[in-house]
Amino acid sequence: MAGTRATEDLRLVQISKEFETFTAVQPMDLTVPGGSFFALLGPSGCGKTTTLRMVAGLEAPTTGRIHIGAKDITATKAYQRNVNTVFQSYALFPHMTVLENVAFGLKRKGDSAAMTKARQTLDLVQLEQVATKKPAQLSGGMQQRVALARAIVNRPDVLLLDEPLGALDLKLRRQMQIELKRIQSEVGITFIHVTHDQEEAMTMADTIAVMNKGRIEQLGDPATLYEKPASTFVANFLGQSNLLRAQITGAAVDGVMPASTHDHDVWVAADRVPDGLRDVWIGVRPEKLRLGDAGRNQIKGQVTDASFTGVATQYLVAMPWGFELMVVQQNDGSPRAGVGENVTLSWDPGHEFVLDQSQAEDAGSGLVDG
Amino acid sequence: MAWFRKHLLTFAAMVTMTILLLPNVVVAIYSFNKPNGRFNVELVRFSLDAWKHPCGTSGICDSLSLSLKIGLTASLVATILGTMIAFALGRHRFRGRSATNLLIFMPMATPEVVMGSSLLALFLNIGMSTGSLAILIAHIMFCLSFVVVAVKARVATLDPRLEEAAADLGSRPLTTFFRVTLPLVAPGIAAGALLAFSLSFDDYIITNFNASPNSITFPMYVWGAAQRGTPVQINVIGTIMFVVSVAFVLGGQLVSARRARAAS
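Just so you know, the protein sequences line up as chains U and W, in that order.
-8 is the number of the first residue of the first sequence in this note's numbering; add one for each residue after it.
698 is the number of the first residue of the second sequence in this note's numbering; add one for each residue after it.
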């Protein structure tokens, strides 16, 4: 029966959470499409975990409603919701075996096939051989998979993952990212993944909501967020950005607009410039900047640092006005520059993004033009 | 020399155990004695008389049964109340929480003589007669502190996420308490209950202040008997108590060892 049921959308309507001393989540709307892998990404304290806990029913929202499909679940208790959580600390029951842990939820519902289903789910996460062990006897990665099995065995409408990979080492984390993605597509449940790791969010999620200070800054698929960040915060939080202070100096000609940054004339793609904006940040990702004059927009500078990372070389290039740009050049055989060398940096219009200059330039902390 | 160094710890442990257990062994040996006269201080002749008639001396088994009754009731009540108090102190923030913490600690810090006499003064002032009930109330009062301390320590180590996880998995609050919370706190509760029982069973000073001629507990009986001579039955009951306690501890060890083995 679980397999045939269509997964339904989760909708948060004007939901907010205020604690005694601060507001964790500002009123916000959010729709998570059924069956998708959704990530809530943000720095610690941005309200992502609080949002998750409200969906789980572990925290009551101050305002707003929570819907799953047509059902309003705002007033229901955690134990009445068909929503399950994988906790950051796993929160496995230490006095029960792995199998008992996994069967716990089904038994509460009086499912007579609880043990069989629990075994099948342990099979899915490849842990059938440790069914009779206690959680404390397992490694961190195994405990993580038990926590996952314990949640998905219940076939919840929505599965919540609260920084589930935070306690694992890098290699295991990469493995589990792939594993989680596989399991999600196998069971078809809506996954909401809370994380502060932008790489993890981009690797796994279909859609990412970037949160900051209790608000959603931007919502979109990973590529859109990276290529067209809507705010300096998103630009700096997802990957590295060079933000240049600039003015739009004219009207669009053949799809590009003239702009000036520190007396250098550059061209930006007209469709990237919000209407009527004059004072802007021009953002260029380090890998979009090239050493040499192959691109239409060109700036001269001096290399102050070069670090070889294997697949690429990372340069810091000082501009005449003091600001340092980060450039990442693939080691594709193109000539390398040394420290102290004068170089020309270039990029083509359309490889940049344009943001309103009234935004704080250092939101999310990145490289900032003085 | 190397051999000696290697076994030094074993040797030290054996000496310590011997010193600790010797009195119990002496008590056990003298329980098989048939003394001349009223004082059981000299080994005279082997006899099973006392073991065959443990209640052979007047009043001894009455006092034992009274001590057991008071001990069991006091530890039961103290354990139930103490567990609830421990949860309240460990889990909730409320007005008067630190005051409660302090008051709970007081009976452990107060000298028994002071507490016994104060309680007597209190009972007399409110017009309550001394006797079994007064003793029971006094015992519940001082046992409570120890139960609270034992359970609170366990509650403090309990991850609140576990209860959240249970609720998240569809477990109602009452089910969560019995399936998750209680099993995890149980060792603390058991330790508190055992401690309470042995404290109550053992208490002489506070009990003596609040006793009446009709409520002679076992420690009071032994103390009283010692003035006039020590019946061998005291050794018999003492030995039984010792063996029962050791059996309890060994049983507990065995259960946890088996659990650990089953789990691995």
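Beta carbons are placed, not taken as given, at the ideal position from N, Cα and C, and that holds for glycine.
Values in this document were obtained by computation on a predicted structure and should not be read as measured data.
According to DSSP, which residues form a beta bridge with Asn73(U)?
The sequence position of residue 73(U) within the first sequence is 82, counting from 1. In the DSSP output, where bridge partners are listed per residue, Asn73(U) has none listed.
Can you list, in chain order, the residues of its chain whose CB lies under 7 Å from that of Asn73(U), leaving out five sequence neighbours each side?
As a working note, residue 73(U) is residue 82 in the first sequence. Result list for Asn73(U): Pro147, Asp148, in chain order.
By Cβ distance below 6 Å, which residues in the same chain neighbour Leu855(W) in space, the five residues on each side in sequence not counted?
Sequence index remark: in the second sequence, residue 855(W) carries index 158 (1-based). Hits under 6 Å: Leu881.
Where His184(U) meets chain W, residues with beta-carbon distance less than 9 Å
What you label residue 184(U) is simply residue 193 of the first sequence in a count that begins at 1. Those within 9 Å of His184(U) in chain W number zero; the least Cβ separation is about 16 Å.
Within 10 Å of its beta-carbon, does Asp63(U) have 16 or more other beta-carbons around it, so buried, or fewer, so exposed?
As a position in the first sequence, residue 63(U) is number 72, starting the count at 1. That one is exposed.
Is the beta carbon of Gly292(U) closer than 9 Å to that of Val308(U)?
Taking the first sequence and counting its residues from 1, the one referred to as residue 308(U) is at position 317. Taking the first sequence and counting its residues from 1, the one referred to as residue 292(U) is at position 301. Taking 9 Å as the Cβ cut-off, Val308(U) and Gly292(U) qualify as a contacting pair.
Anything in the segment 870 to 902 of chain W with a Cβ closer than 7 Å to a Cβ of chain U? List those residues in chain order, please.
Thr872, Val877, Pro880, Leu881
Am I right that Thr827(W) and Ala771(W) are in contact with their C-beta atoms under 8 Å? What's the rounded C-beta distance?
Counting from one through the second sequence, the residue named residue 827(W) turns up at place 130. Counting from one through the second sequence, the residue named residue 771(W) turns up at place 74. Actually they do not touch by this definition, with Cβ atoms about 16 Å apart.
When burial is assigned at 16 or more other CB atoms within 10 Å of the CB, is Pro126(U) buried or exposed?
The sequence position of residue 126(U) within the first sequence is 135, counting from 1. By the neighbour-count rule (16 or more Cβ atoms within 10 Å), Pro126(U) is buried.
For the segment 747 to 835 of chain W, which segments carrying the beta strand (DSSP E) assignment without a break, of at least 3 residues, lie completely within its bounds, in sequence order?
none
Where Phe843(W) sits in the DSSP three-state scheme:
Residue numbering aside, residue 843(W) sits at position 146 when the second sequence is read from its first letter. Helix, per DSSP.
Within chain W, partners of Ala82(U) - CB distance below 8 Å
For the purposes of this step, residue 82(U) is identified with residue 91 of the first sequence, where counting begins at 1. Here the neighbours are Asp856, Arg858, Leu859, Glu861, Ala862.
For Gln320(U) and Glu278(U), I'd like the C-alpha separation in whole angstroms.
Counting from 1 along the first sequence, the entry for residue 320(U) is found at position 329. Counting from 1 along the first sequence, the entry for residue 278(U) is found at position 287. Approximately 6 Å between the Cα atoms of the pair.
Is the shortest distance between the beta-carbon of His86(U) and the beta-carbons of chain W less than 9 Å?
To locate residue 86(U), count along the first sequence from 1; it is residue 95. Yes, because at least one Cβ of chain W sits closer than 9 Å to the Cβ of His86(U).
So Asn288(U) is in the beta strand (DSSP E); what residue range does that whole segment cover?
What you label residue 288(U) is simply residue 297 of the first sequence in a count that begins at 1. Where Asn288(U) is concerned, the enclosing beta strand (DSSP E) stretches over 288 to 299.
Closer than 9 Å, CB to CB, is Met(-8)(U) near chain W or not?
By one-based count along the first sequence, residue -8(U) stands at place 1. Since pLDDT at Met(-8)(U) reaches only 36, below the 50 mark, its modelled position is unreliable, and no value is offered.
If you measure between the beta carbons of Ala847(W) and Gly779(W), is that distance less than 9 Å?
Your numbering for residue 847(W) matches position 150 in the second sequence. Your numbering for residue 779(W) matches position 82 in the second sequence. Yes, these two residues count as a Cβ contact at 9 Å.
Could you tell me which chain U residues have their CB closer than 9 Å to the CB of Ser728(W), listed as they occur along the chain?
Locating residue 728(W) in the second sequence gives position 31, counting from the first residue. Those within 9 Å of Ser728(W) in chain U number zero; the least Cβ separation is about 41 Å.
Given 8 Å, three or more beta-carbon pairs between the segment 41 to 56 of chain U and the segment 114 to 124 of chain U
no
Spatial neighbours of Ala710(W) within its chain, please: C-beta separation below 6 Å, excluding the five flanking residues on both sides.
Translated into positions along the second sequence, residue 710(W) becomes position 13. Taken in chain order, the list of residues that qualify is empty.
Short of 8 Å in beta carbon distance, which residues of its chain neighbour Ser728(W), apart from the five on each side in sequence? Order them along the chain.
As a first step, residue 728(W) is located in the second sequence; it is residue number 31 there, counting from the start. Within the same chain, Ser728(W) has close Cβ partners Ala747, Trp748, Val929, Asn932, Val933, Gly935, Thr936.
On the three-state DSSP scale, how would you describe Lys62(U)?
Position 71 of the first sequence, counted from the first residue, corresponds to residue 62(U). Looking at Lys62(U) - three-state DSSP - the assignment turns out to be strand.
So, at 7 Å on beta carbons, what are the nonlocal neighbours of Lys849(W) in its own chain, with the 5 sequence-adjacent residues on each side left out?
The count along the second sequence starts at 1 and reaches residue 849(W) at position 152. Excluding sequence neighbours, Lys849(W) sits near Ala783, Leu786, Gly787.
Counting beta carbon pairs with one atom in the segment 258 to 273 of chain U and one in the segment 334 to 345 of chain U, are three or more of them shorter than 8 Å?
yes
Are the C-beta atoms of Gly867(W) and some chain U residue less than 9 Å apart?
By one-based count along the second sequence, residue 867(W) stands at place 170. Taking Cβ atoms only, chain U reaches closer than 9 Å to Gly867(W), which makes this a yes.
In its own chain, which residues sit with a C-beta less than 7 Å from the C-beta of Thr335(U), not counting the 5 before and 5 after it?
Here residue 335(U) refers to the residue found at position 344 when the first sequence is read from its first residue. Closer than 7 Å at the Cβ level, and outside the excluded window around Thr335(U), lie Gly283, Asp284, Gln289, Lys291.
Proximity winner among Ile903(W), Arg925(W), Arg858(W), Ser842(W), relative to Gly734(W) (alpha-carbon distances):
On the second sequence, position 37 is the one that residue 734(W) refers to. Answer by Cα proximity: Arg925(W).
Would you kindly report the start and end of the unbroken beta strand (DSSP E) that includes Thr107(U)?
Taking the first sequence and counting its residues from 1, one reaches residue 107(U) at position 116. First-last for Thr107(U): 105 to 115, but that is the alpha helix (DSSP H), not the beta strand (DSSP E).
Compare the C-beta of Leu49(U) against all C-beta atoms of chain W and say whether one is closer than 9 Å.
Taking the first residue of the first sequence as 1, we reach residue 49(U) at position 58. With 9 Å as the cut-off, Leu49(U) counts as an interface residue toward chain W.
So for Trp272(U), helix, strand or coil by DSSP?
Along the first sequence, read from residue 1 onward, the residue named residue 272(U) stands at position 281. DSSP places Trp272(U) in strand when its eight states are reduced to three.
Using a Cβ-Cβ cut-off of 8 Å (strictly less than) and excluding sequence neighbours within five positions of Ser868(W), which residues of its own chain qualify?
By one-based count along the second sequence, residue 868(W) stands at place 171. Arg876, Val877.
Val201(U): which of Gln17(U), Asn75(U), Phe28(U), Cys37(U) sits nearest, CA to CA?
As a position in the first sequence, residue 201(U) is number 210, starting the count at 1. Measuring from the Cα of Val201(U), the nearest candidate turns out to be Cys37(U).
Going along the segment 140 to 156 of chain U in order, which residues come within less than 9 Å of chain W, judged by CB to CB distance?
Arg141, Ala142, Asn145, Leu151
Identify which residue in Asp339(U), Val302(U), Tyr81(U), Met310(U) has its Cα closest to the Cα of Asn322(U).
The sequence position of residue 322(U) within the first sequence is 331, counting from 1. When each option's Cα is compared against that of Asn322(U), the closest is Val302(U).
Own chain, CB closer than 7 Å to Ser27(U), minus 5 neighbours either side, in chain order:
The residue given as residue 27(U) occupies position 36 in the first sequence. Here the set comprises Thr181, Asp197, Thr198.
CB contact check: Gln134(U) to chain W, cutoff 9 Å:
The residue you call residue 134(U) lines up with position 143 of the first sequence. Not an interface residue.
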